[in-house]
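J.:
Protein chains: 2
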Amino acid sequence: MLLNLTAVYGLRAMAVLAELEPGESINADQLSERTGVPRQYLSKVMRKLVVARLVRGQRGRGGGFALQRPRSKIRLADVLAALDLEMKAGCAFDFEACDVHNPCTLHPIWSRLQESLATWTTKTTMADLGAAPKRGAPAVASRRTGTRRRSD
Amino acid sequence: MLLNLTAVYGLRAMAVLAELEPGESINADQLSERTGVPRQYLSKVMRKLVVARLVRGQRGRGGGFALQRPRSKIRLADVLAALDLEMKAGCAFDFEACDVHNPCTLHPIWSRLQESLATWTTKTTMADLGAAPKRGAPAVASRRTGTRRRSD
DNA sequence: CTTTTTCTGGATCTACTTATCCAGTTATAA
DNA sequence: TTATAACTGGATAAGTAGATCCAGAAAAAG
Chain A
1 MLLNLTAVYG LRAMAVLAEL EPGESINADQ LSERTGVPRQ YLSKVMRKLV
51 VARLVRGQRG RGGGFALQRP RSKIRLADVL AALDLEMKAG CAFDFEACDV
101 HNPCTLHPIW SRLQESLATW TTKTTMADLG AAPKRGAPAV ASRRTGTRRR
151 SD
Chain B
153 MLLNLTAVYG LRAMAVLAEL EPGESINADQ LSERTGVPRQ YLSKVMRKLV
203 VARLVRGQRG RGGGFALQRP RSKIRLADVL AALDLEMKAG CAFDFEACDV
253 HNPCTLHPIW SRLQESLATW TTKTTMADLG AAPKRGAPAV ASRRTGTRRR
303 SD
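Chains as they are written, first to last, in this note's numbering: chain A, 1 to 152; chain B, 153 to 304.
(1) Pairing CB atoms from the segment 264-272 of chain B with CB atoms from the segment 198-217 of chain B, are three or more of them under 8 Å?
(2) Quick test of the definition: if touching needs 3 or more C-beta pairs under 8 Å, does the segment 183-198 of chain B touch the segment 249-261 of chain B?
(3) List the whole-angstrom C-beta distance separating B/LEU235 from B/ILE226, where the pair is believed to meet the contact cut-off of C-beta under 8 Å.
(4) Determine whether the Cβ of B/ARG164 lies closer than 8 Å to any Cβ atom of chain A.
(5) So what's B/ARG221 in DSSP terms, helix, strand or just coil?
(6) Could you name the residues that DSSP lists as bridge partners for B/ILE178?
(7) Should B/ARG191 go down as buried or exposed, given a rule of 16 or more other Cβ atoms within 10 Å for buried?
(8) Go through its chain and collect everything with a Cβ distance to A/ALA7's Cβ below 7 Å, but skip five positions before and after it.
(9) Between the Cα of A/ARG71 and the Cα atoms of A/LEU2, A/LEU3, A/ASN4, A/LEU11, which residue gives the shortest distance?
(10) Could you tell me the alpha carbon to alpha carbon distance between A/GLY155 and B/CYS243, rounded to whole angstroms?
(11) Leaving out five residues before and five after B/ARG296 in sequence, what residues of the same chain have Cβ atoms less than 8 Å from its Cβ?
(12) Since A/MET126 and A/MET14 are thought to touch, with beta carbons under 8 Å apart, how far apart are those beta carbons, to the nearest angstrom?
(13) According to DSSP, is A/ASP94 helix, strand or coil?
(14) If we define contact as Cβ-Cβ less than 8 Å, is B/ARG258 a contact residue for chain A?
(15) Closest to A/ASN27 by C-alpha separation, out of A/GLN58, A/LEU5, A/ALA52, would be which residue?
(16) So, at 6 Å on beta carbons, what are the nonlocal neighbours of A/LEU5 in its own chain, with the 5 sequence-adjacent residues on each side left out?
(17) Please report the Cβ distance between A/VAL50 and A/LEU17, rounded to the nearest whole angstrom; I am assuming they are in contact, meaning their Cβ atoms lie under 8 Å.
(18) Please confirm if A/VAL37 has its CB atom under 8 Å from at least one CB of chain B.
(19) By the DSSP assignment, the alpha helix (DSSP H) with B/VAL160 in it spans what residues?
(20) For the beta strand (DSSP E) containing B/VAL207, list its first residue and its last residue.
(21) Taking B/ALA229 as the reference, which of B/THR273, B/HIS259, B/ARG186 has the closest Cα?
(22) Could you give the first and the last residue of the continuous alpha helix (DSSP H) run that contains A/ALA118?
(23) Using CA coordinates, which residue listed in A/LEU31, A/SER111, A/ASP94 is at the minimum distance from B/LEU155?
(24) I'd like to know if B/ASP236 contacts chain A, where contact means its C-beta is closer than 8 Å to some C-beta of that chain.
(25) Need the endpoints of the alpha helix (DSSP H) that B/VAL202 sits in, please.
So this is what it looks like as structure tokens:
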């Protein structure tokens with residue numbers, strides 16, 4: 001997987017939030033239901049998005065989560081950054097002092113790759129994602145952790 | 153980082169091996185020295201490359217590691233696969249049943265991204281890497297435990 | 001055959017990610 | 001003000017990647 005699970009969870013949640021009507025919100029239980037993300041862990045992920053001011057977390061009756069800004073103002077890069085995903089990354093060999101003037105072997109092609117990635121994530125917004133994937137048809141991947149057993 | 157540390161270590165090692173004269177080999181101590189990869193962990197990484205038949209691991213006096221095939225016959229994709237890095241990966245939302253006929257929201261752009269990655273890693277061989285980065289000038293990133301940020 | 005070199009492989013340790021538990025806080029409605 | 005809904009946040013557990021330790025096993029040299 002190109003992204004870690006936390007990032008994937010966050011993306012799923014954001015995709016659902018992006019579908020809500022303006023003013024509408026969704027609580028953690030329903031969000032967990034719709035995204036297939038474990039309820040408690042989802043809360044932790046959502047917190048990151050709230051702290052990053054991408055999402056509003058409203059407590060109390062009728063509360064829940066909603067986007068802070070219009071979809072079109074939330075870039076994929078913002079979301080990934082909020083989820084601690086370094087998209088700028090570094091040298092393919094993880095050499096610190098690697099740069100244009102002192103390039104490692106992979107530097108030219110690697111930096112081009114990363115730039116196109118960076119460009120893409122800053123150009124793409126939540127509005128570009130269209131509808132969030134529905135549960136049911138595209139089933140949530142079962143994340144076999146070793147102890148998981150299919151129930152009979 | 154786009155790659156995990158094990159993959160980075162493996163790449164560094166392969167880059168060094170690719171520089172050896174035909175018939176020459178290098179032992180784990182020297183390889184650790186040159187790549188900045190912890191000696192013992194390097195052995196584990198090298199084992200994966202040996203098992204994948206990219207590298208020959210010769211025991212006893214004068215033994216060490218060397219490429220099994222000419223550099224030009226070892227693709228980046230082979231190396232990454234040997235190091236358990238899934239380059240094909242899956243859907244951005246980690247939905248299992250996501251495909252062309254039942255695509256998730258990110259599917260079109262995500263799959264294009266992954267394909268260009270896959271194409272690149274199968275077209276690039278160890279011969280294309282040129283010389284391995286030298287230690288000293290492009291210094292090895294110091295791996296102080298607190299400072300580090302992990303992500304793919 | 002013994003010694004030395006060097007890779008192999010199991011066991012263990014640590015840090016980080018993912019997951020769960022549960023008590024707290026805030027907001028709404030009656 | 002009370003009850004209830006719902007997010008917040010600390011503590012903790014489980015799982016995996018990264019790292020280390022150390023006892024083999026194999027190959028070469030003497």
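For every residue, glycine included, the Cβ atom is placed at its ideal position computed from N, Cα and C. All values reported here derive from a predicted model rather than from experimental measurement.
T.: Short version:
(1) With a cut-off of 8 Å, the segment 198-217 of chain B and the segment 264-272 of chain B do not count as touching, because too few Cβ pairs lie within range.
(2) Counting C-beta pairs closer than 8 Å gives fewer than three between the segment 183-198 of chain B and the segment 249-261 of chain B, which falls short of the contact rule.
(3) In this structure B/LEU235 is not in contact with B/ILE226, their Cβ atoms being roughly 13 Å apart against a cut-off of 8 Å.
(4) It does: the Cβ of B/ARG164 has a partner Cβ on chain A nearer than 8 Å.
(5) B/ARG221 carries a coil assignment under DSSP once its states are collapsed to helix, strand and coil.
(6) Beta-bridge partners assigned by DSSP to B/ILE178: B/PHE217.
(7) By the beta-carbon neighbour count (other beta carbons within 10 angstroms, threshold 16), B/ARG191 is exposed.
(8) Only residues of its own chain outside the window of five on either side were considered, and among them LEU80, LEU83, LEU85 have a CB closer than 7 Å to the CB of A/ALA7, listed in chain order.
(9) The shortest Cα separation from A/ARG71 among A/LEU2, A/LEU3, A/ASN4, A/LEU11 belongs to A/LEU11.
(10) This structure does not reach residue 155 of chain A, given that chain A is present from 1 up to 152, and the question cannot be answered.
(11) Caution is warranted here: a pLDDT of 32 is assigned to B/ARG296, below 50, making its placement in the model unreliable, and the coordinate value is therefore given only provisionally. Counting only Cβ-Cβ distances below 8 Å, and skipping sequence neighbours, we find nothing.
(12) With a Cβ gap of about 6 Å, A/MET126 and A/MET14 count as contacting.
(13) Three-state result, A/ASP94: coil.
(14) In the sequence as presented, Arg is not what sits at residue 258 of chain B; that position holds Leu. B/LEU258 counts as touching chain A.
(15) Minimum Cα distance to A/ASN27 is reached at A/GLN58.
(16) The beta carbon of A/LEU5 is closer than 6 Å to none in its chain, skipping five residues each way along the sequence.
(17) No, A/VAL50 and A/LEU17 are not in contact; Cβ-Cβ is about 11 Å, not under 8 Å.
(18) Not closer than 8 Å to any Cβ of chain B, the Cβ of A/VAL37 fails to qualify, so no.
(19) If you look at B/VAL160, you'll find it in the alpha helix (DSSP H) that goes 157-169.
(20) 207-210 is the span of the beta strand (DSSP E), which, as asked, contains B/VAL207.
(21) Checked all of B/THR273, B/HIS259, B/ARG186; the closest Cα to B/ALA229 is B/THR273.
(22) Following the DSSP letters along the chain, one finds A/ALA118 inside the alpha helix (DSSP H) bounded by residues 107-123.
(23) Of the candidates A/LEU31, A/SER111, A/ASP94, the one whose C-alpha sits nearest the C-alpha of B/LEU155 is A/ASP94.
(24) No, B/ASP236 does not count as interfacial toward chain A.
(25) For B/VAL202, the enclosing alpha helix (DSSP H) starts and ends at 191-203.
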